[in-house]
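Here is the structure we will look at.
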Amino acid sequence: MKKPRILDLFCCAGGAGVGYARAGFDVVGVDIVDRPRYPFEFFQADALEVLRDVSYLRTFSAVHMSPPCQAKCALTKGTNAKLASRYVDLYPIVAPLLYAAGVPGVIENPEARADVVLCGEMFGLGVLRHRRVELVNWSAAKPKHVKHRGRVRGFRHGKWYDGPYVAAYGAGGGKASVPEMQQAMGITWTDVREELTEAIPPAYTAWVGERLSAHVVAGQLEEAA
Ligand SMILES: C[S@@+](CC[C@H](N)C(=O)[O-])C[C@H]1O[C@@H](n2cnc3c(N)ncnc32)[C@H](O)[C@@H]1O
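Each number in the numbering used here comes from the position in the sequence shown (counting from 1) with 2 added on.
The following block contains the structure:
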């Protein structure tokens, strides 16, 4: 059986990519910024151009993408809402391209359909980091959300809260230091703050990847029959 290959678009330093590798995929990453700490094969390119090359996409068993979420993420819904207009909203542009390619795909983004919602507590992590995951051209059973053990540590509206989770975004107000983010998300190969604040914990995509791999293998068996 061929080892499945996944294309990791908008890959940053590879939080998502490492999870797919753990689930048995060979991983190729693409980012518009050079990411020397990305631990797999990498090329620097505009993911929009890559997505338009359907024959290239079809050389992969699956495609994952985490288009930047600054336009819609929780951080920009409150006091930072005015910042949102600075960022382009990529989800409505990239999602249809992935559906049209016909390849099994995964989109992680706040606008994604919530086929799966993952939370750090499901994996015993030190972040909550709820993430919506849309499964493109395949499906999997939705996992149950689990009860949080407590609060996210830090100041909110001038009040200090203690708790078992750290805030792995922004800075100040009790937010996580770089070593705390590494520890809380299980990401050891980068110490760049921006890359950590952007990352999906690998445990999330290992969970998705195990199911995606089963889907891909089932397809290979069907083809061989
Ligand atoms: C939310 S981060 C991805 C996080 C990643 N999935 C992880 O788990 O570490 C989004 C990434 O998209 C990249 N990016 C933004 N626009 C892009 C484009 N047009 N093409 C490729 N990458 C792009 C950014 O440089 C950033 O690294």
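C-beta: ideal position from N, C-alpha, C; glycine also.
In the three-state reduction of the DSSP assignment, Val-138 falls in the strand class. By the Cβ rule, the region 14-23 counts as touching the region 197-217, because three or more pairs are nearer than 8 Å. Nearest C-alpha to Gly-175 among Val-119, Leu-9, Pro-166, His-159: His-159.
Counting only the Cα atoms, Val-180 lies some 6 Å from Arg-195.
Pro-69 and Leu-92 have their alpha carbons spaced roughly 6 Å apart. In this chain, the alpha helix (DSSP H) harbouring Ile-95 covers 93-103.
Residue pairing by DSSP places Ile-109 opposite Met-67, Glu-136 in a beta bridge.
The bridge partners DSSP lists for Arg-158 are Lys-161. Ala-142 is positioned such that its CB atom lies no closer than 8 Å to that of Ala-15. Here the alpha carbon of Glu-225 sits roughly 51 Å from the alpha carbon of Ala-173. Taken through DSSP and simplified to helix, strand or coil, Gly-152 comes out as coil. Cβ atoms of Ser-215 and Pro-41 stay farther apart than 8 Å, at about 19 Å. A distance below 8 Å separates the beta carbons of Trp-191 and Arg-39.
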